[in-house]
C-alpha cells in the first residue's frame, strides 16, 4: 500500500494510475476506522478500481465548543486496517497541508444544510462540503463512497456534486450496526457501559417507528412523539432532534405518503450520537 | 471547429483529447467578443493546447436591477470570430443546461468579494465563482485565461483555485485598450458618442495617477482624490468607486509602499464601466 501526507505526491500517483486507464475511487474519512468504514472500503474494492482512503480530521467542520481536540485518532492502527483491506493508497494530510493559509473560500449547500444536524451545528456542513470539494479536486476520483449514517451529509454531497457539475459518482452505503443494533461510530468509544446499553433505544425506536409506518401510521408528528417518548423513558439521553423528513430533499413532512427519513441526534453525556432509517411507503394512488 | 451546447457531449470530446495527451485550455466568456477576448484566445492558442472558449451570459452574477436582459449577445458572430482564431471547441450552453433546477450550492470567496465591485453588486462574485467552478468541473482545463480588466474577478478566481485545490493554472492577461486608451468592454456599445469621448478620462486619470506614484506620491487618499476630481471635471460620469488597494489581497492601503491596484467603476448614463491599473513601487528598504 502506498501512503502519503503530501498533495503533490498524491497527485503524481493518481496521474500515473489514470494514465494506465485506472478508475479512481475515494473513501473519505476522519479515521479511527470501524467496521462501518471497512464496509465502505469493501464496496470500493468491489469496483476493481484504484482505491484511495483519506484520513483527515477536518477542523473546519467542528464548532468552537465541539469535540475536535478529543476526536479519537490512531493513524498507525488505521493504516494497518486499510492495508489489510487491500487499499491502494492512504492519504493522511496534516492540517497545514490542507489549510496552508486562512481559508476565505467556502462551498455551501443551502437549504439542506439548515435542518437536522445543520440547525444545531452552524457551519458544520459548510466545513464538510468545503473539505470534500478540496479532497475531490485533489484526488479527482471517478466514484466516491459515503456512509449513510450521516444521511444528511450524504444528501448534501450528492446535491453539491450535481449543482457544481463535479464529474464524480457519489455512492451511499447503508448504516452498519453492532449485533444489538447500535449504529457504528467512532464516537461510541466515549460511551460508558451504561450509556452504551441505554443508547440501544435509538435503533430500537427507529425500527419500531418504521414498523408503525409500514402498518399504516401516517402522522409524522405522532411518529416523532413515539420515538421521543421511548428515548425519554428508556434512557438519560438528551434529545437534540427527532424528525421525519422527505428522504430526497429533507423538506418537512406532515403526512407520511412518500419515502421518508427518520433522523435523530441524542446526547449521552458529552457524546452526541446520530442514527436514522429510511422508510419506503407503498403509495396506492 | 467543434461546437456544442451540451455538457455530456463536451465531456466526451474533452475526454478523447485528454486521452490523446492534449493539454486543455479554457477561455470563459460572456460572449459579444471584442479584441480583448481575442487577445485572451491568442494567448491560449500560443500554448499549443486544445482551446475551449465558453460563451455563457450567467444570470447568477447579475443583480435584479442589473443589465442581464439587455447584455449584448450575438452567438453567430462570436462563433465566426472564434473559428477564425483557430479555437478548437466552442461551448455555448443554455441557462437550462447550466441550471436544470434551482441552485442551492454556491462557492463564495470571502473578504476579496466584499470590496470594490463587490460592495455595490451583492452576490455578483458569488455568481461568478459558482459558475466558474461549474465550468471548471465541466471542461476540466489544465489552464484557464482571465482578462485583467476584471482584476478583482481575476484575483478572486485565483484565490478560489488555491483554496479549493483546483488542479488548474490561472493566467491573467493585461487589459486591451482602444488607441485612445478606453478599455475594451462588451458594454462600450451602449455609450453615446459623447459618453464614449468623456469616458477617456478613466484611463487618462489612471495613467496620470500611476505617474504621480512613480514620481513619489505616497498618499492613497490623495491619489483617489486626484482621479475623482478629474472624472468630475471632465465628464458627467457618476462615480461608483475609485480606490487604491493592495494588488494581491485587495486590503486597504494608506501609504503606497508596495504594489497597488488603482481600480474604479463609473456610470455613464445606465452603462457602468470599470478600469484599473497595477502600479509597481520601487521599495528602497
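Chains as they are written, first to last, in the numbering used here: chain C, 1 to 285; chain P, 1001 to 1285.
Here a beta-carbon is modelled for each residue, glycine too, at the ideal position from N, C-alpha and C.
Since this is a predicted model, take the numbers as computed values, not measurements.
Under a Cβ-count criterion, where at least 16 other Cβ atoms within 10 Å of its own Cβ denotes burial, should residue i be classed as buried or exposed?
i, result
"residue 121 of chain C", "buried"
"residue 1058 of chain P", "buried"
"residue 1069 of chain P", "exposed"
"residue 78 of chain C", "buried"
"residue 1140 of chain P", "buried"
"residue 105 of chain C", "buried"
"residue 1189 of chain P", "exposed"
"residue 1102 of chain P", "exposed"
"residue 1269 of chain P", "exposed"
"residue 53 of chain C", "buried"
"residue 1180 of chain P", "exposed"
"residue 203 of chain C", "buried"
"residue 1028 of chain P", "buried"
"residue 229 of chain C", "exposed"
Could you tell me which residues DSSP puts in a beta bridge with residue i?
i, result
"residue 276 of chain C", "C:263"
"residue 191 of chain C", "Beta-bridge pairing links residue 191 of chain C to no other residue."
"residue 282 of chain C", "DSSP, once it has assigned bridges, lists no residue as partnering residue 282 of chain C."
"residue 1090 of chain P", "P:1003, P:1053"
Helix or strand or just coil, what does DSSP make of residue i?
i, result
"residue 1258 of chain P", "coil"
"residue 178 of chain C", "coil"
"residue 1208 of chain P", "helix"
"residue 183 of chain C", "strand"
"residue 95 of chain C", "helix"
"residue 16 of chain C", "helix"
"residue 1010 of chain P", "helix"
"residue 235 of chain C", "coil"
"residue 1221 of chain P", "helix"
"residue 1064 of chain P", "coil"
"residue 1028 of chain P", "strand"
"residue 271 of chain C", "strand"
"residue 198 of chain C", "helix"
Can you name the start and end residues of the alpha helix (DSSP H) that residue i belongs to?
i, result
"residue 131 of chain C", "124-139"
"residue 54 of chain C", "Segment 50-55 is the beta strand (DSSP E) holding residue 54 of chain C; no alpha helix (DSSP H) there."
"residue 1105 of chain P", "Unbroken run through residue 1105 of chain P is the beta strand (DSSP E), 1105-1109; no alpha helix (DSSP H)."
"residue 161 of chain C", "151-163"
"residue 1039 of chain P", "1035-1046"
"residue 118 of chain C", "117-120"
In whole angstroms, what is the alpha-carbon distance linking residue i and residue j?
i, j, result
"residue 35 of chain C", "residue 136 of chain C", "24 Å"
"residue 169 of chain C", "residue 47 of chain C", "12 Å"
"residue 128 of chain C", "residue 62 of chain C", "9 Å"
"residue 191 of chain C", "residue 272 of chain C", "10 Å"
"residue 1217 of chain P", "residue 1249 of chain P", "22 Å"
"residue 1297 of chain P", "residue 1239 of chain P", "Examination of residue 1297 of chain P is not possible in this model, given that chain P is present from 1001 through 1285 alone."
"residue 117 of chain C", "residue 100 of chain C", "28 Å"
"residue 1042 of chain P", "residue 26 of chain C", "38 Å"
"residue 184 of chain C", "residue 1173 of chain P", "53 Å"
"residue 134 of chain C", "residue 1146 of chain P", "22 Å"
"residue 80 of chain C", "residue 74 of chain C", "10 Å"
"residue 1236 of chain P", "residue 1197 of chain P", "11 Å"
"residue 1195 of chain P", "residue 1265 of chain P", "14 Å"
"residue 1144 of chain P", "residue 92 of chain C", "29 Å"
"residue 1113 of chain P", "residue 125 of chain C", "22 Å"
"residue 110 of chain C", "residue 40 of chain C", "27 Å"
"residue 132 of chain C", "residue 1163 of chain P", "12 Å"
"residue 1254 of chain P", "residue 1007 of chain P", "47 Å"
"residue 205 of chain C", "residue 186 of chain C", "22 Å"
"residue 1153 of chain P", "residue 1130 of chain P", "12 Å"
"residue 246 of chain C", "residue 149 of chain C", "16 Å"
"residue 171 of chain C", "residue 115 of chain C", "22 Å"
In the DSSP assignment, the beta strand (DSSP E) including residue i goes from what residue to what residue?
i, result
"residue 1243 of chain P", "1238-1246"
"residue 79 of chain C", "Note, residue 79 of chain C: premise wrong, no beta strand (DSSP E); alpha helix (DSSP H) at 75-84."
"residue 171 of chain C", "169-173"
"residue 147 of chain C", "143-147"
"residue 1003 of chain P", "1002-1004"
Please list the partners that residue i has in chain D, where partner means a Cβ-to-Cβ separation under 8 Å.
i, result
"residue 6 of chain C", "Judged by its chain identifiers, the structure shown contains no chain D, and its protein chains are C and P."
Got a sec: does the ligand ZN put a non-hydrogen atom nearer than 7 Å to the Cβ of residue i?
i, result
"residue 76 of chain C", "No copy of the ligand ZN appears in this structure; indeed no ligand is present at all."
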